[in-house]
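Quick note on the numbering used here: the sequence shown kicks off at 1 and runs consecutively. C-beta: ideal position from N, C-alpha, C; glycine also.
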Amino acid sequence: MTALWLTRITPDVRSREVRRDLGDAVAMHRRLMRLFPDQLGGEPRRALGLLHRIDVAPSGPAVLLQSAVPPELAHLPGGYGPAATRRLDPLLGLLRSGVTTRYRCIASAVRKPGATTRAAQRLPGVVALQGAQADEWWQRQAEAAGLKLLSLHALPVDTAIGVRGMKPERQRICHARTRFDGTAVVVDPDLLRQKLTAGIGRGKAYGCGLLTLAPAREQADT
C-alpha cells in the first residue's frame, strides 16, 4: 500500500503572500511544490502524488495537501501560518467493503462534447457542469472510485484561475469547481485507495481532485 501524508496549513490571511496564493491557483501550486525536492522529472506533481484543495469555513481558509512523501514545512515563508502533517496509513487501513464513510471532494465537473456537437451548438472543447448534471458526473466518479453514494450535497465554489508560463506562451488557467460532500459505502477498497492516491477529474495541480474521507460516526472535517 502506497504511503500517504496529509498536511493541513492554516494560512494567515494578514500575509500578503497568503492572499496572493489564495487568489491565484498557479501561485498556490508553485508554493506547495516548493515544499518538496527538485529534479523529479517531467511530471513532478504526479511523481509526488501531490493533490490539494482549499477548504473555507467560518473560522477561515485551510489548505489540505496530500502527498506520497512528507513536505518540508520549514520552506513555508515566515508568518505564512501554522501547519502539521500526519500519515494517512491508519485511515487507509480501515477501508473495508461495507464500511460507511463521509467524503469530500472539490472537483472540476466537466464534459467534452464531440466535434459535431461543438460545431452545431457553438460549444467550447470543455463544458463546465452545474446542478443535476454535476451531481450525475459525481455519481459516476464515485462509482468509478469504488464508492456507493448514500447522500450528496453539491456546492459551487470559486473557479480556479491563474496564468502559467512566460510570454509569449503564457496560458490562462480556468477550472470551474464544485464541492461534493456526503456519505457513501465502500464497495471496492483497492479501487478506492487507487483513486485517493491519483485524484479525480481535471485540474489536479490547481486545487481539484483531492478526495478525503472520515469515519461516518464522527463529525471531523473531511
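Per-residue DSSP class, three states only, for residue i
i: L152; result: coil
i: L32; result: helix
i: D181; result: strand
i: G147; result: Position check: residue 147 holds Leu in this sequence, whereas Gly was assumed. Strand, per DSSP.
i: P82; result: coil
i: G162; result: strand
i: A134; result: helix
i: A3; result: coil
i: Q141; result: helix
i: V186; result: strand
i: V26; result: helix
i: T222; result: Reliability of the predicted coordinates at T222 is poor, the pLDDT of 44 falling under 50, and no value is obtained from them.
Segment limits, alpha helix (DSSP H) that includes residue i
i: H52; result: Note, H52: premise wrong, no alpha helix (DSSP H); beta strand (DSSP E) at L51 to A57.
i: T197; result: P189 to A198
i: P90; result: D89 to G93
i: P44; result: P44 to L48
i: V18; result: R16 to G23
Contacts around residue i, its chain only, beta-carbon distance under 7 Å, and the 5 residues preceding and following it disregarded
i: A205; result: H29 and R45
i: Q219; result: Any reading at Q219 is ruled out, since the residue's pLDDT is 38, under 50, leaving its predicted position unreliable.
Beta strand (DSSP E) segment containing residue i, residue limits
i: G60; result: G60 to S67
i: A74; result: Element bounds for A74: n/a, residue is neither H nor E.
i: R104; result: T100 to A107
i: A214; result: L211 to P215
Closest residue to residue i among the options (Cα-Cα distance)
i: F242; options: G201, I106 and G165; result: Nothing about residue 242 can be read from this structure; the chain reaches only from 1 to 222.
i: G49; options: G162, T7 and R102; result: T7
i: Q141; options: V126, K167, A184 and V163; result: A184
i: L92; options: V18, G42, T197 and G209; result: T197
i: R170; options: V26, E43 and R20; result: V26
i: H175; options: P77, S15 and L129; result: L129
i: M33; options: A132, H52, R111 and G203; result: H52
Cutoff 8 Å; reference residue i; Cβ partners in own chain excluding five residues on either side
i: V157; result: V56, I106, R177, T178 and R179
i: H153; result: F180, D181 and G182
i: L22; result: P11, V13, M28, I54 and P61
i: L40; result: A47 and L48
i: G98; result: V185 and V186
i: G165; result: Q171
Cβ-based neighbour list, residue i, same chain, cut-off 6 Å, excluding 5 preceding and 5 following
i: P37; result: none
i: P238; result: Nothing can be reported for residue 238, as the shown portion of the chain is limited to 1 through 222.
i: A134; result: A109, A154 and T178
i: R172; result: V163
i: Y216; result: Checking the sequence, you will find Ala at residue 216 rather than Tyr. Answer for A216: T100, T101, R102 and T183, listed in chain order.
i: D221; result: For D221, the predicted structure reports a pLDDT of 43, less than 50, and the residue's modelled location is therefore unreliable. A value from the coordinates is still provided. Cβ neighbours of D221 beyond the five flanking positions: none.
**Prompt:** Is it true that the region 73 to 90 meets the region 185 to 193, where meeting means three or more beta-carbon pairs spaced less than 8 Å apart?
**Reply:** In short, these stretches do not touch, since the Cβ pair count stays below three.
**Prompt:** Three or more C-beta pairs closer than 8 Å, one from the region 62 to 79 and one from the region 8 to 25: is that the case here?
**Reply:** Output reads yes: the region 8 to 25 touches the region 62 to 79.
**Item:** Stretch pair the region 137 to 152 + the region 94 to 109: three plus CB contacts closer than 8 Å
**Value:** At 8 Å Cβ cutoff, the stretches touch.
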